[in-house]
Amino acid sequence: MTGRSPDFPDYTAPATESWDNLAEWWDDQIGDGNPTQDLVVEPNTEKLLELKPGERVLDIACGAGRFARRMADAGAIVTAFDHAERFVNRARERSKGYEDRISYHVVNATDVDGMLALGAGEFDAAVCTMAIMDMAEITPLFSTLPKLLKPDGRFVFSITHPVFNTEDSRPTVERIAVGTDMVNRYAVSVASYLETRMEKGIGVPGQPDLQHYFHRPLGMLVNTASDCGLVLDRLEEPAFPRGLPADNPMAQSNFEYIPWVLLARFRVAGR
């Protein structure tokens, strides 16, 4: 499927259903973390969020609440929501003892009234961790965030990198001569970056069902946010730390100069 809109409303219900079906299996597999979360996503998200103890944070598409708990441990007061009820149930189970710091809600990020009911104008920050590429529609969320954030609030999201980490991209490795040595050169082949589309794929090998991915070029993401009153403030493209052991020669950690994840921070325009 192709098009130039950032939204795919026909897929909102199927994408929600697929994540509700995957939620418990997904949490069983990576709910306690994986190298991408531990080394790339979460440290860089924290850096961009710049949270201070006591700040109120909106955690969008919170899944089983891993990052919500991490923010609460840092002193934040977290309001978290997800469209998958099974994810929210898992989050509540995993977050016993956090009731005074985290509240969980079943809300779809296309439900403007549902999001505003969580606290219009009450949040110092909002975060969406590795989920926007899974959302069929992003305009409702982006247009509502300026109404949810305080005047000096910020919004941080992380996504699979729209250039290097899509169902269309192909990682490659080849042996080349450098001086008198032969070394591996790691690269990524990209064919259809500008084609806005829905794709089905996997996030974790062995998962029982495919999930929906919605590919949007970076310019479309930034311009959609801008049209909704959000201004890009900071962009990060982190790679894995060098020297990590890897049994698989195609492991992402071997690609030292390829960022598999992109993070962005936005602020509300005119504030």
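Residue numbers (the numbering used here): 1247 to 1517. Note that the Cβ used here is the ideal one computed from N, Cα and C, for glycine as well. Model, not experiment: these values are computed from the prediction.
Residue i - DSSP class collapsed to helix/strand/coil
i	result
Met1428	strand
Val1287	helix
Pro1408	coil
Gln1457	strand
Arg1250	coil
Ala1423	strand
Ser1349	strand
Gly1447	strand
Asp1479	strand
Phe1401	strand
Leu1362	helix
Ser1415	coil
Ser1438	coil
Ala1259	helix
Near the ligand MN: residue i beta-carbon under 6 angstroms from a heavy atom
i	result
Asp1284	Absence of the ligand MN from the depicted structure is noted, as is the absence of any ligand whatsoever, leaving it without description.
C-beta contact flag for residue i and residue j at 7 angstroms
i	j	result
Ala1310	Gly1277	yes
Thr1390	Met1361	yes
Ala1433	Asp1414	no
Asp1305	Ala1318	no
Met1466	Pro1252	yes
Phe1313	Phe1401	no
Ala1366	Lys1342	no
Thr1291	Phe1388	no
Trp1506	Asn1411	yes
Ala1307	Ala1372	no
Arg1336	Asp1273	yes
Arg1462	Ser1435	no
Leu1364	Val1514	no
Tyr1350	Val1334	yes
Arg1480	Leu1268	no
Ala1492	Ser1499	yes
Gly1399	Asp1359	no
Sequence-distant residues of the same chain with beta carbon closer than 7 angstroms to residue i, five excluded per side
i	result
Pro1255	Ala1382 and Glu1383
Thr1356	Thr1258, Glu1383 and Pro1386
Val1324	Val1303, Asp1305, Ala1314, Met1317, Ala1318, Arg1347 and Ile1348
Val1468	Leu1478
Asp1266	Ala1330, Glu1331 and Arg1332
Gly1575	This structure gives no information on residue 1575, because the portion of the chain shown stretches from 1247 to 1517.
Glu1288	Phe1313 and Arg1316
Pro1495	Val1419
Delimiting residues of the alpha helix (DSSP H) encompassing residue i
i	result
Thr1356	Looking at the DSSP string, Thr1356 is not in any alpha helix (DSSP H), and its letter there is neither H nor E.
Glu1339	Glu1331 to Arg1340
Phe1388	Thr1385 to Leu1394
Span of the beta strand (DSSP E) around residue i
i	result
Gly1465	From DSSP, Gly1465 is part of no beta strand (DSSP E) but of the alpha helix (DSSP H) over Leu1464 to Asp1473.
Phe1512	Val1507 to Val1514
Val1373	Phe1369 to Thr1375
6 angstroms Cβ shell around residue i - same chain, five flanking residues per side excluded
i	result
Phe1501	Tyr1432
Glu1508	The question names Glu, but residue 1508 is Leu in the sequence shown. Hits under 6 angstroms: Ile1405, His1407 and Glu1483.
Ala1261	Ala1382 and His1458
Met1247	Residue placement at Met1247 is flagged as unreliable, the pLDDT there being 40, under the threshold of 50; the coordinate-derived value follows with that caveat. Contacts found: Arg1443 and Met1444.
Leu1464	Pro1408
Leu1440	Pro1463
Ile1422	Arg1431
Cys1374	Ile1306, Ala1307 and Phe1403
Neighbourhood of residue i by C-beta, 8 angstroms cutoff - its chain only, sequence neighbours within 5 removed
i	result
Gly1447	Glu1413, Leu1456, Gln1457 and Tyr1459
Gly1300	Gly1321, Ala1322 and Ile1323
Thr1418	Tyr1432, Ala1433, Val1434 and Ser1435
Gln1453	Leu1268, Trp1271, Trp1272 and Gln1275
Ser1264	Asp1455, Leu1456, Gln1457 and His1458
Val1450	Trp1272, Gln1275 and Ile1276
At what residue ranges does the segment 1268-1328 contain a whole run of the alpha helix (DSSP H), taking only runs of 4 or more?
1288-1295 and 1312-1319
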